[in-house]
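Novice: In full-length UniProt numbering, the protein residues as written are 1 to 434. Even glycine gets a Cβ: it sits at the ideal position worked out from N, Cα and C.
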Amino acid sequence: MVVMDRPLPRTLLEQLVRRSRRTIEENCSAFEHTGREQGEKVTLSPRHLSRWMAGKVASARPVAQRVAALHWGYAFEMLVGQPLSEAELRLARGEAEPTITYARPQLTGESALDSVELLRRALHDAISIGNVSEAGLDEWELTVHTHGQATRFRPAALMLAELATDFADLQRLLERRHSALALRRLTRTAAQMAGLMFLTLIKLDEPLAARNWARTARVAADEAGDIATRSWVHAQEAYVHYYAGNLAEAVAVARHAQAIAGRMICVGLPLAAALEARVHGVLGRRQEAKVALDKAEATVAVLDLDARMPSAFGYNEAQLRFHAGNTYTHLNDTELALAAQREALTLYPERDYLDRALVRLDGAACLAYDGELDQAMQAAAGALLDLTEEQRCGLAWLRAREIWQSLPTRHQVAPAARELRDLLMLMSKGGEPK
Numbered sequence: 001m002v003v004m005d006r007p008l009p010r011t012l013l014e015q016l017v018r019r020s021r022r023t024i025e026e027n028c029s030a031f032e033h034t035g036r037e038q039g040e041k042v043t044l045s046p047r048h049l050s051r052w053m054a055g056k057v058a059s060a061r062p063v064a065q066r067v068a069a070l071h072w073g074y075a076f077e078m079l080v081g082q083p084l085s086e087a088e089l090r091l092a093r094g095e096a097e098p099t100i101t102y103a104r105p106q107l108t109g110e111s112a113l114d115s116v117e118l119l120r121r122a123l124h125d126a127i128s129i130g131n132v133s134e135a136g137l138d139e140w141e142l143t144v145h146t147h148g149q150a151t152r153f154r155p156a157a158l159m160l161a162e163l164a165t166d167f168a169d170l171q172r173l174l175e176r177r178h179s180a181l182a183l184r185r186l187t188r189t190a191a192q193m194a195g196l197m198f199l200t201l202i203k204l205d206e207p208l209a210a211r212n213w214a215r216t217a218r219v220a221a222d223e224a225g226d227i228a229t230r231s232w233v234h235a236q237e238a239y240v241h242y243y244a245g246n247l248a249e250a251v252a253v254a255r256h257a258q259a260i261a262g263r264m265i266c267v268g269l270p271l272a273a274a275l276e277a278r279v280h281g282v283l284g285r286r287q288e289a290k291v292a293l294d295k296a297e298a299t300v301a302v303l304d305l306d307a308r309m310p311s312a313f314g315y316n317e318a319q320l321r322f323h324a325g326n327t328y329t330h331l332n333d334t335e336l337a338l339a340a341q342r343e344a345l346t347l348y349p350e351r352d353y354l355d356r357a358l359v360r361l362d363g364a365a366c367l368a369y370d371g372e373l374d375q376a377m378q379a380a381a382g383a384l385l386d387l388t389e390e391q392r393c394g395l396a397w398l399r400a401r402e403i404w405q406s407l408p409t410r411h412q413v414a415p416a417a418r419e420l421r422d423l424l425m426l427m428s429k430g431g432e433p434k
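What follows is the structure in structure tokens.
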């Protein structure tokens with residue numbers, strides 16, 4: 001039996017990594033841990049570390065070079081240079097050979113959790129190194145499915161934190177080599193996760209961040225090549241423009257989402273058509289709004305059961321009635337609006353807090369239009385007060401403020417209107433609801 005000699009290390013860095021007896025992924029994690037300890041925001045992927053080990057450092061940023069020197073104990077120029085002999089290693093390190101270890105976890109506090117999480121990631125990467133398995137792909141798709149359902153009841157701030165945590169793991173997974181089929185599924189998952197990110201940012205009234213994530217979701221969806229996902233991402237993006245007040249862009253993107261779907265029956269169709277109807281309602285285009293609502297209703301009727309689930313990835317009768325009611329509210333057709341709102345509140349489960357609150361606020365807007373000022377202000381205040389502090393931030397507060405702002409100036413000083421104004425100020429921690 002012939003034993004093949006292992007190739008000699010090409011650089012000092014490769015020599016040190018081999019001596020550490022840790023995987024590439026573990027070395028990357030330890031490097032990033034050193035960066036955090038030094039207050040440096042730096043990441044290192046297995047691909048970049050492999051390039052450094054081969055002496056290819058053209059793209060190495062100064063901050064990465066500084067952390068590398070601190071982590072491995074040699075100037076960066078030495079790390080990417082020729083390997084050292086044992087004697088040279090001892091001399092360079094003052095008789096002490098370099099070792100690569102994780103910092104000992106602290107017993108208490110956030111640093112302990114950080115250290116434990118670092119160890120978990122290294123172990124997870126070591127176990128799952130190489131191509132992702134079918135089980136791994138299924139797990140990620142289930143994770144996205146679970147997040148989609150959680151958007152209906154989890155406060156947006158908590159949702160954002162949970163999405164960010166999972167996105168960090170998904171990003172590291174995407175940096176590895178995969179088969180074409182696995183990469184397509186992971187990219188589709190990334191598109192859906194990015195879509196959930198900007199949907200959550202909309203709820204928190206962060207339009208700039210939402211637009212940036214929408215762009216990322218669009219790119220990922222296009223790369224995945226899945227028509228239903230592309231249509232869904234564009235439909236959700238239309239809501240970003242709608243809530244930012246860019247109505248022309250909202251209509252254009254909503255129509256593009258429908259065009260992408262073509263003859264395919266998928267969630268993106270009714271989601272986009274309903275948004276288009278709401279924009280027409282704001283602009284007073286009754287006929288165009290009715291056409292769009294009819295299209296949304298016709299599509300919901302033929303969606304399969306999974307597509308009508310209460311989830312960010314579904315669209316159902318409750319959402320359609322909410323969106324129809326909102327359209328009629330903006331058209332000042334209070335009779336049709338109130339009827340749709342009653343249906344929506346009957347269909348929505350109690351825990352779907354945001355849409356229920358927005359439906360109730362639309363009802364308050366209808367009362368205000370009909371001249372029932374006291375009832376309108378009380379209804380708006382009640383919709384906000386039934387929410388927790390985490391739930392009312394973002395869209396619910398903004399919609400209530402919009403109702404107050406829509407009042408004629410002479411009515412804004414009425415006792416009921418002033419009470420709503422004071423409540424809005426209190427909930428915004430003293431900010432004027434202008």
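1) Kindly list the residues whose CB is nearer than 8 Å to the CB of Leu79, restricted to its own chain and excluding five residues on each side of it in sequence; keep chain order.
2) Does the pairing of the segment 223–230 with the segment 261–268 give three or more beta-carbon distances under 8 Å?
3) For Met309, which of helix, strand or coil comes out of DSSP?
4) Apply the 10 Å Cβ neighbour rule to Glu389 and answer buried if 16 or more other Cβ atoms are within range, or exposed otherwise.
5) Jot down the residue ranges of each uninterrupted alpha helix (DSSP H) in the segment 228–267, minimum 4 residues, whole runs only, in chain order.
6) Use the C-beta contact count for Lys41: other C-beta atoms within 10 angstroms, 16 or more gives buried, fewer gives exposed.
7) Give me the Cα-Cα distance between Val300 and Pro270, rounded to the nearest whole angstrom.
8) On the DSSP letters alone, give me the boundaries of the alpha helix (DSSP H) that Tyr315 sits inside.
9) Looking only at its chain, what residues have a beta carbon closer than 8 Å to the beta carbon of Ala417, apart from the 5 residues adjacent to it on each side?
10) Kindly say whether Leu13, judged by its beta-carbon, lies nearer than 9 Å to any beta-carbon of chain B.
11) Can you list, in chain order, the residues of its chain whose CB lies under 6 Å from that of Ile265, leaving out five sequence neighbours each side?
12) Near Tyr239, what residues of its chain come up, given a Cβ to Cβ distance below 7 Å and the 5 sequence neighbours on each side ignored?
13) Take Met309 and list the residues in its own chain whose beta-carbon comes closer than 8 Å to its own, dropping the five residues that flank it on each side.
14) Under three-state DSSP, which class holds Gln378?
15) Tell me, please, whether the segment 210–218 touches the segment 321–331 by the rule of three or more beta-carbon pairs shorter than 8 Å.
16) Counting only the same chain and skipping the five closest in sequence on each side, list residues whose C-beta sits under 7 Å from that of Leu423.
17) Do Ala340 and Ala324 count as a contact pair if the criterion is CB distance below 9 Å?
18) Mapping DSSP to helix, strand and coil, what is Phe153?
Specialist: This is what the structure holds:
1) Thr11, Leu12, Leu13, Leu16, Trp52, Ala68, Ala69, Trp72
2) yes
3) coil
4) exposed
5) 247–261
6) exposed
7) 6 Å
8) Premise fails: Tyr315 is in no alpha helix (DSSP H) and is neither H nor E.
9) Leu373, Met377, Trp404, Leu407, His411
10) You won't find chain B in this structure, because it holds only one protein chain.
11) Val302
12) Excluding sequence positions up to five before and after Tyr239, its CB lies within less than 7 Å of the CB of Ile202, Leu275, all in the same chain and listed in chain order.
13) Gln149, Asn316
14) helix
15) No, they do not touch.
16) Here the set comprises Ala381, Leu384.
17) yes
18) The answer is coil: DSSP assigns Phe153 none of H, G, I, E or B.
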